[in-house]
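In this text, residue positions in the sequence shown follow full-length UniProt numbering: the first is 1, and each later residue adds one.
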Amino acid sequence: MAYDEHLGERINEILKTKNVSINSKKMMGGLIFMVNEKMTCGIHIDKKYGDSLLMAKIGMEAYEEEIKKEVCLPMDFTGRPMKGYIFITPNGFDLDVDLEYWIDKALEINKMKK
1 MAYDEHLGER INEILKTKNV SINSKKMMGG LIFMVNEKMT CGIHIDKKYG DSLLMAKIGM
61 EAYEEEIKKE VCLPMDFTGR PMKGYIFITP NGFDLDVDLE YWIDKALEIN KMKK
(Lines of atoms letter the chains of each structure in order from A and count residues from 1; the text may use other names and numbers.)
(Lines give C-alpha, C1' and ligand atoms only; values in the text may rest on other atoms or scores of the structure.)
Protein backbone atom coordinates (compact mmCIF):
# COMPACT_ATOMS: atom_id res chain seq x y z
CA MET A 1 0.00 0.00 0.00
CA ALA A 2 1.60 3.27 -1.11
CA TYR A 3 -0.78 5.51 0.88
CA ASP A 4 -3.21 5.35 3.80
CA GLU A 5 -6.39 3.91 2.27
CA HIS A 6 -8.45 4.71 5.38
CA LEU A 7 -7.47 8.36 5.09
CA GLY A 8 -8.46 8.24 1.43
CA GLU A 9 -11.91 6.97 2.40
CA ARG A 10 -12.27 9.72 5.02
CA ILE A 11 -11.34 12.41 2.48
CA ASN A 12 -13.72 10.95 -0.09
CA GLU A 13 -16.61 10.89 2.41
CA ILE A 14 -16.06 14.54 3.37
CA LEU A 15 -15.78 15.62 -0.27
CA LYS A 16 -19.07 13.84 -1.06
CA THR A 17 -20.83 16.12 1.44
CA LYS A 18 -19.52 19.23 -0.35
CA ASN A 19 -21.54 18.77 -3.55
CA VAL A 20 -18.49 18.99 -5.85
CA SER A 21 -17.28 16.96 -8.81
CA ILE A 22 -14.65 14.52 -7.44
CA ASN A 23 -12.12 12.39 -9.25
CA SER A 24 -9.21 10.59 -7.60
CA LYS A 25 -5.92 9.60 -9.23
CA LYS A 26 -2.95 7.62 -8.03
CA MET A 27 -0.04 9.99 -8.47
CA MET A 28 3.42 10.61 -6.97
CA GLY A 29 3.21 7.42 -4.89
CA GLY A 30 0.01 8.62 -3.27
CA LEU A 31 -3.58 9.49 -4.01
CA ILE A 32 -4.70 12.86 -5.34
CA PHE A 33 -8.26 14.18 -5.22
CA MET A 34 -9.27 16.34 -8.13
CA VAL A 35 -12.22 18.70 -7.72
CA ASN A 36 -13.53 20.42 -10.83
CA GLU A 37 -10.59 18.81 -12.65
CA LYS A 38 -8.05 20.59 -10.41
CA MET A 39 -5.71 19.04 -7.84
CA THR A 40 -7.17 19.91 -4.45
CA CYS A 41 -5.83 17.55 -1.79
CA GLY A 42 -4.21 14.18 -1.43
CA ILE A 43 -2.24 11.66 0.56
CA HIS A 44 1.49 11.12 0.44
CA ILE A 45 3.78 8.90 2.50
CA ASP A 46 6.84 11.01 3.10
CA LYS A 47 10.07 9.06 3.51
CA LYS A 48 11.76 11.90 5.40
CA TYR A 49 8.85 12.27 7.81
CA GLY A 50 8.10 8.53 7.92
CA ASP A 51 4.31 8.66 7.88
CA SER A 52 1.28 9.54 5.77
CA LEU A 53 0.83 13.23 5.20
CA LEU A 54 -2.22 15.10 3.98
CA MET A 55 -1.44 17.41 1.07
CA ALA A 56 -3.62 20.45 0.46
CA LYS A 57 -3.52 23.16 -2.17
CA ILE A 58 -4.43 26.22 -0.10
CA GLY A 59 -2.91 29.14 -2.03
CA MET A 60 -0.16 31.54 -1.06
CA GLU A 61 -2.18 33.80 1.22
CA ALA A 62 -3.42 30.95 3.43
CA TYR A 63 -0.02 29.23 3.23
CA GLU A 64 1.75 32.15 4.91
CA GLU A 65 -0.48 31.78 7.98
CA GLU A 66 -0.97 27.99 8.08
CA ILE A 67 2.72 27.06 7.71
CA LYS A 68 3.28 28.55 11.18
CA LYS A 69 1.25 25.71 12.72
CA GLU A 70 3.18 22.84 14.33
CA VAL A 71 1.24 20.27 12.24
CA CYS A 72 2.22 21.85 8.90
CA LEU A 73 5.23 21.26 6.68
CA PRO A 74 6.22 22.75 3.34
CA MET A 75 5.28 20.48 0.43
CA ASP A 76 8.74 19.63 -0.81
CA PHE A 77 9.46 16.75 -3.20
CA THR A 78 12.59 18.05 -4.88
CA GLY A 79 14.32 20.40 -2.45
CA ARG A 80 12.13 23.31 -3.55
CA PRO A 81 8.80 23.73 -1.73
CA MET A 82 5.77 24.04 -4.01
CA LYS A 83 4.15 27.44 -3.56
CA GLY A 84 0.63 27.40 -2.19
CA TYR A 85 0.74 23.70 -1.23
CA ILE A 86 1.17 22.32 2.27
CA PHE A 87 1.67 18.99 4.02
CA ILE A 88 -0.23 18.34 7.24
CA THR A 89 1.06 15.76 9.71
CA PRO A 90 -1.32 13.15 11.21
CA ASN A 91 -1.87 15.17 14.40
CA GLY A 92 -3.41 17.84 12.18
CA PHE A 93 -6.06 15.57 10.62
CA ASP A 94 -6.70 12.77 13.13
CA LEU A 95 -10.10 14.21 14.01
CA ASP A 96 -12.72 14.47 11.27
CA VAL A 97 -13.33 18.14 12.15
CA ASP A 98 -9.61 18.87 11.56
CA LEU A 99 -9.56 16.93 8.29
CA GLU A 100 -12.63 18.83 7.12
CA TYR A 101 -10.91 22.13 8.01
CA TRP A 102 -8.06 21.36 5.59
CA ILE A 103 -10.40 20.11 2.88
CA ASP A 104 -12.45 23.31 3.20
CA LYS A 105 -9.25 25.38 2.88
CA ALA A 106 -8.37 23.49 -0.30
CA LEU A 107 -11.89 23.90 -1.71
CA GLU A 108 -11.77 27.66 -1.08
CA ILE A 109 -8.77 28.09 -3.38
CA ASN A 110 -10.20 25.55 -5.84
CA LYS A 111 -13.24 27.78 -6.37
CA MET A 112 -11.05 30.86 -6.91
CA LYS A 113 -8.60 29.40 -9.44
CA LYS A 114 -9.69 28.71 -13.02
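Note that CB positions come from ideal geometry on N, CA and C, so glycine has one too.
Who are the near neighbours of residue i in its chain, counting only those whose CB is closer than 6 Å to its CB and skipping five residues on each side?
{"i": "residue 23", "result": "34"}
{"i": "residue 74", "result": "81"}
Going by C-alpha to C-alpha distance, which of the options sits closest to residue i?
{"i": "residue 50", "options": "90, 61, 109", "result": "90"}
{"i": "residue 26", "options": "17, 39, 71", "result": "39"}
{"i": "residue 55", "options": "78, 84, 17, 37", "result": "84"}
Give me, in chain order, the residues of the same chain whose beta-carbon lies closer than 8 Å to that of residue i; leave out the 5 immediate sequence neighbours on both sides.
{"i": "residue 108", "result": "58, 59, 62"}
Are there 16 or more other CB atoms within 10 angstroms of the CB of residue i, so buried, or fewer, so exposed?
{"i": "residue 6", "result": "exposed"}
{"i": "residue 110", "result": "buried"}
{"i": "residue 52", "result": "buried"}
{"i": "residue 96", "result": "exposed"}
{"i": "residue 70", "result": "exposed"}
{"i": "residue 79", "result": "exposed"}
{"i": "residue 76", "result": "exposed"}
{"i": "residue 4", "result": "buried"}
{"i": "residue 18", "result": "exposed"}
I want to see whether chain D comes within less than 8 Å of residue i, judged by CB atoms only; does it?
{"i": "residue 14", "result": "The displayed structure is made up of one protein chain only, and chain D is not part of it."}
DSSP has residue i in a bridge; who is on the other side?
{"i": "residue 69", "result": "According to DSSP, which records beta bridges pairwise, residue 69 is partnered with nothing at all."}
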